[in-house]
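Numbering (my numbering), first residue to last: 284 to 389.
Where a beta carbon is used, it is the ideal one built from N, C-alpha and C, also for glycine.
Note that the structure is predicted; figures quoted are calculated from it, not measured.
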Ligand code: 5GP
Ligand code: ZN
């Protein structure tokens, strides 16, 4: 899937509505439309990377940033504990091919 028909690129560019809870120069975070926990956020790099197996040299800063923002959001939404998850590949249940970190907290 290219950037042009990527749902998460459209959410980042605000061509598709979502409940955005955080944005900065590297990433955007919004509520999952089908939450599996009290707090279920998707933390998405602005850079279109289809899946973790496609990350390149130089993407380390972006990927580390996603985890830092997940930690900040878990605090903001008063999660007692939380899970951080990347589904990588269709076989693992990835349905949106733009990298996203699931934050699921209770
Ligand atoms: P994946 O299985 O690819 O790791 O997760 C994709 C996630 O995106 C799912 O949890 C699904 O509920 C969420 N999702 C799918 N379509 C939309 C949408 O249009 N808006 C939002 N906010 N989340 C979506
Ligand atoms: Zn995209």
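Bridge partners - residue i, DSSP secondary structure assignment
i           : result
residue 318 : Answer by DSSP bridge pairing: none, since residue 318 is not bridged.
residue 385 : 325, 368
Classification of residue i by the beta-carbon crowding that lies within 10 angstroms, buried from 16 upward
i           : result
residue 318 : exposed
residue 322 : buried
residue 301 : buried
residue 312 : buried
residue 378 : exposed
residue 299 : exposed
Straight-line Cα distance separating residue j from residue i
i           : j           : result
residue 308 : residue 329 : 8 angstroms
residue 387 : residue 369 : 11 angstroms
residue 375 : residue 335 : 12 angstroms
residue 290 : residue 363 : 31 angstroms
residue 352 : residue 389 : 17 angstroms
Distance cut-off 7 angstroms: residue i Cβ against heavy atoms of ligand 4
i           : result
residue 338 : Absence of ligand 4 from the depicted structure is noted, with ligand 1 and ligand 2 being the only ligands included.
Along the chain, which unbroken stretches of the alpha helix (DSSP H) at least 4 residues long are found entirely within the segment 284 to 371?
Listed in chain order, they are 290 to 295, 343 to 359.
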